[in-house]
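The next block holds one structure in the form of structure tokens; read it before the comments.
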Amino acid sequence: MPDPLLSVRDFSVVYDVDPPVAAVKNVTLELQRGEILGLAGESGCGKTTLAYGIQRLLKAPAVITGGSVVFHDGDGGDVDVNSLDAEQMRRFRWDKVSMVFQGAMNALNPVATIGSQLEDVFEVHRPNMSRRQRRDAAAELLEIVKVGAQRARSYPHELSGGMRQRVMIAMALALRPQLMVMDEPTTALDVLVQREILRQISQLREEFGFSVIFITHDLPLLLEISDRIAIMREGEIVELDTAERIWHEPADDYTRTLLSSFPRLTGEKGVVVR
Amino acid sequence: MTAVEPQIPVETGVDAIEAGTTATKVVAGRSRIPWRFLGGRAAFYLFTLWAALTINFFLPRMMKGDAVTQYLARNRNVSPEAADALRALLGLDTDKSLWQQYLDYWGLLLRGDLGVSLLHGLRPVTEVISQALPWTVGLVGLATIVSFAIGTIGGAFIGWRRGSRLDAFIPITTFLSTIPYFWLGLLAIAVFSVNLGWFPIGKAYGVGTVPGWDFEFIGQVIHHGALPLLTIVIASLGGWMLGMRNMMLTVLDEDYITVAQAKGMPNRRVLWGYAARNAVLPQIQSFALSIGFIVGGTIVMEMVFSYPGVGKLLLDATNAKDYALMQGVFLVITLSVLVANILADIAYAFLDPRTRQSGA
Amino acid sequence: MSTLEVRHVSKVYNVRGAGRLTALDDVSFTLNSGQTIGLVGQSGSGKSTIAKILTQLETPTSGEVLLDGAPIPRRGTGLRRYRQQLRMVFQDPFASLNPYHSIRYHLQRPLELDRVVPKGEVDDEVRRLLDRVRLDPDAVIDRRPHELSGGQRQRIAIARALASRPAILVADEPVSMLDVSIRLGVLNLLADLQREEGLGVLYITHDLATARHFSDEIIVLNQGRIVEHGTADDVILRPQDPYTQELRAASPDPERFFASAGAAGAAEGGAR
């Protein structure tokens, strides 16, 4: 039974440069509650622009030229994201939809402890919490992602890449959002650390019930963790289907091209040809 | 990623994957105060101090002429001890070996005896300098702080609002700082003192007023100091503003700013807590260096406004070949630059947690 | 026919404030012409250090590297000749080419410096090299690097490496910064060149799947030590070492995933 969380209809984004570049062209998709949607594509296909666009995080010269983004809040009511004013948008952010950014190398403020960066989310969004409560909440988050509460007073440069990424996940989880957008969260990490983090994301999804939009160029990875996968190319979604069907019966030529770009790890030597 | 990971404290007994590190060595925990870093710097500064004082020892010995004899020829009321001390300080007692002279010099220094000022009626140099120093440090120090504060805060704001009309402030303030300072000073006097009569023409306090900690005196000091302060601030504002604005633009492109905004942080918080906080780091370095130059670099201002500071003292001493006073002022300048650098290093170490471990 | 021998090479760094860091610990292997060895390791495993030692950017703390039985000379013409024989292709196609010079210049230089062909034939040789890497010479020869795509730049980096007619090619993550759909193209090119020119290729990567696809043998590095060394299929399909087994289990493998997920239900989501 369909239970949509996010309805994106005819969404378009143009980069207002000379000549103008259509980064996202009439994208329509419906994200279900609790679903993991993989967004696959190569560089320049528009997947990051789309992800930023639906949260209104785009900066000039990017311009949203059309379409609607409707968030079906679990607490009741539909929210037209594009029509929120600045203050409403600020409150919407992180509370309903949060984001894990690519390359946590630079995504954390280098002069502030990670504890304080977790706490300021609460400071801003949950003003009723006392300092003690904020500190406890931050410690709890660090435990959930297995970084450890004792790291709260560490600075970002003192942590390894994997730990920093987990701190980013903890930060995104802070307000128990209904949607987490993850932009290449494991790309710069070792395959072992990557597997750990993916396992953690799955677990958290089971426990907290949020949806995930997982953006990456690594299609084999998406095939393993996503419920559905959207393949993007030049600003358009060329195929959107369950992971299984994409693997066994891809409909679009480009999907087949992507699939055959990844040689098989086990099984018969060679690439996947459908 | 290279084979050498940054220093990461690893708790032994924790699974390597969980700890997420590939370092093969445990690093000792770090405290908030970077002792090792400061200790290294302290050693460096002590060495610099010694080197500066030694150069100071050699300087007058490289100048021609024997000022003491000339002076003594004109004035007979110099005590033999004072004359000897002067000679020792200036290296004119050639019957002693250079090494002996060097030791005597250090002896004098450590006793705080910098000799007597030939120009100022044989008063001790330390006394002469300590009378002029507060004026310079007070006025110029205050001016530098004010200029830094306005320039940095302004620059942060202008950088934040990139592309708005506020950008016009940058060329305006930098233009002002290209105006030759003496011209700016004279212009200020001409307009505000002579024509409008709002401020006095010069000096630190009214002629005939006796210095003291009473309201009238303090009022006079403020009144007299206003124009010099204002002109210094106007002349130096551009540099601070430009520097901070440029740093802001660089920082605003960083990912953690986008993340902060994505977290729903209010703009004010992102601007000051995330952006400015990072952008100000190089500014602090510049600020510390400029403090060092407060003592030495204000001669033009003191001439234009007849302000009784250290710059004027140095100028007069040079003209009169008052070597002892010159040497004393050099010493004070050297010390103040060193102290300023030390303070800058300490401040930076506290402000930027990344420097604490590298010791750089 | 050439043989590159790495014998008991160790490399220890002294890191200020963190003691000693062992980047390589007693690494030994042999690479022959006409053979591709995949060197697989994650970050910190030492695989980049091996590349640096082979190209003489670093010297080993202990152990030696032999080319055709002779140790690598430390300086002079001997070192020069060694460098002609062993060439490297770097990871970053953007950084390894000088943005100020044309492609012609990039390929002319090694030809002239190493006097590979007589002066009059240099231009022809440049064109021939571009042909070998399946680029249209007329289209790219006078361009600057930023006018070309990542894939084209990497092909030029390969052409440049081939200019001096080396015996051994060290490719350090040659495709990890390229777009997904062109990676196999570049790797296939490397495989073809290896076959046609009889090169020995050391393919350094963190990606098990491409290592299996392109290598005859695979070496697995973990924190500076070789933990597994065997034919590609043996190492990937029948790993002996626990670390290799972990690596394999952690790498995405949709083939196996869907085969086993049939009964267990889809959307297990990486929990294995």
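Residue numbers (the numbering used here), protein chains in the order written: chain A, 1 to 274; chain B, 275 to 634; chain C, 635 to 906. Built from N, CA and C at the ideal position, the CB exists for glycine as well. Quick caveat: nothing in here was measured; it's all calculated off a predicted structure.
Within 10 angstroms of its Cβ, does residue i collect 16 or more other Cβ (buried), or is it exposed?
| i | result |
| --- | --- |
| A:Glu196 | buried |
| B:His498 | buried |
| B:Ile492 | exposed |
| C:Ile687 | buried |
| C:Tyr734 | exposed |
| C:Met635 | exposed |
| A:Pro127 | exposed |
| B:Asp488 | exposed |
| B:Asp527 | exposed |
| A:Pro61 | exposed |
| B:Trp309 | exposed |
| C:Ala729 | exposed |
| A:Arg93 | buried |
| B:Trp639 | For chain B, the structure presents residues 275 to 634; residue 639 of chain B sits outside this window and is missing. |
Reducing DSSP to helix, strand and coil, say where residue i ends up.
| i | result |
| --- | --- |
| A:Val17 | coil |
| C:Asn732 | coil |
| A:Thr266 | coil |
| C:Gln725 | coil |
| C:Lys645 | strand |
| C:Ser682 | helix |
| C:Thr637 | strand |
| B:Val507 | helix |
| A:Phe214 | strand |
| B:Thr572 | coil |
| A:Met182 | strand |
| A:Asp227 | coil |
| A:Lys25 | strand |
| C:Asp867 | helix |
| C:Ile838 | strand |
| C:Ile775 | coil |
| C:Ile706 | coil |
| B:Gly482 | coil |
| A:Gly67 | strand |
| B:His394 | coil |
| A:Met129 | coil |
Does the Cβ-Cβ distance between residue i and residue j come in under 8 Å?
| i | j | result |
| --- | --- | --- |
| C:Val643 | A:Ser261 | no |
| A:Phe214 | A:Ser202 | no |
| C:Gln676 | A:Val191 | yes |
| B:Val399 | B:Gly389 | yes |
| B:Ser421 | B:Ser510 | yes |
| B:Tyr581 | B:Leu413 | yes |
| C:Met722 | C:Thr689 | yes |
| A:Leu175 | A:Asp95 | yes |
| A:Ile237 | A:Ala40 | no |
| B:Thr629 | B:Ala621 | no |
| A:Val69 | A:Val81 | yes |
| C:Pro886 | A:Asp252 | no |
| C:Val809 | C:Leu821 | yes |
| B:Gly547 | A:Arg91 | no |
Compute the minimum distance between the beta carbon of residue i and the heavy atoms of the ligand ATP, and state whether it is under 7 Å.
| i | result |
| --- | --- |
| C:Gln718 | Ligands are entirely absent from the displayed structure, and the ligand ATP is therefore not among its contents. |
Interfacial residues, the stretch 651-677 of chain C to chain A, with Cβ spacing under 9 Å: Cβ contacts with chain A: Gln676, Ser677.
Residues of the stretch 527-550 of chain B whose Cβ lies closer than 9 Å to any Cβ of chain A, in chain order: Of all residues in the stretch 527-550 of chain B, those with a C-beta nearer than 9 Å to a C-beta of chain A are Glu528, Asp529, Tyr530, Ile531, Thr532, Val533, Ala534, Gln535, Ala536, Lys537, Gly538, Met539, Pro540, Asn541, Arg543, Gly547, Tyr548, reading in chain order.
Contacting positions in the stretch 816-837 of chain C - beta carbon closer than 7 Å to chain A: Residues Arg817, Leu818.
Positions along the stretch 241-267 of chain A whose CB lies within less than 8 Å of some CB in chain C: The stretch 241-267 of chain A vs chain C, Cβ under 8 Å: Thr242, Ala243, Glu244, Trp247, His248, Thr257, Leu258, Ser260, Ser261, Phe262, Pro263, Arg264, Leu265, Thr266, Gly267.
Residues within the stretch 212-231 of chain A neighbouring chain C, beta-carbon criterion of under 8 Å: Listed by position, the residues of the stretch 212-231 of chain A near chain C (Cβ gap below 8 Å) are His217, Asp218, Leu219, Pro220, Leu221, Leu223, Glu224, Ile225, Ser226, Asp227.
Contact between the stretch 750-764 of chain C and the stretch 807-821 of chain C (3+ Cβ pairs under 8 Å): No: the two stretches stay apart, fewer than three of their Cβ pairs being nearer than 8 Å.
Touching by the beta-carbon criterion (3+ pairs, under 8 Å), the stretch 156-171 of chain A and the stretch 72-82 of chain A: With a cut-off of 8 Å, the stretch 72-82 of chain A and the stretch 156-171 of chain A do not count as touching, because too few Cβ pairs lie within range.
The stretch 162-178 of chain A touching the stretch 87-105 of chain A, judged by at least three CB pairs closer than 8 Å: Enough Cβ pairs lie closer than 8 Å, so yes.
Sufficient close CB pairs (3 or more, under 8 Å) joining the stretch 741-748 of chain C to the stretch 790-800 of chain C: Judged by pairs of C-beta atoms under 8 Å, the stretch 741-748 of chain C touches the stretch 790-800 of chain C, as three or more such pairs exist.
Validate contact between the stretch 465-483 of chain B and the stretch 425-442 of chain B using beta carbons, cut 8 Å, 3 pairs: By the Cβ criterion, the stretch 465-483 of chain B is not in contact with the stretch 425-442 of chain B, since fewer than three pairs of Cβ atoms, one from each stretch, lie closer than 8 Å.
The stretch 7-17 of chain A touching the stretch 46-53 of chain A, judged by at least three CB pairs closer than 8 Å: The answer is yes - the stretch 46-53 of chain A touches the stretch 7-17 of chain A, with three or more Cβ pairs under 8 Å.
The stretch 115-135 of chain A contacting the stretch 178-185 of chain A, beta-carbon criterion three pairs below 8 Å: The stretch 115-135 of chain A makes no contact with the stretch 178-185 of chain A, as fewer than three CB pairs between them are under 8 Å.
Within 7 Å of chain B by C-beta, residues of the stretch 176-187 of chain A in sequence order: Cβ contacts with chain B come from no residue of the stretch 176-187 of chain A.
Short-range partners of chain C found in the stretch 16-27 of chain A, where Cβ spacing is below 9 Å: The stretch 16-27 of chain A vs chain C, Cβ under 9 Å: nothing.
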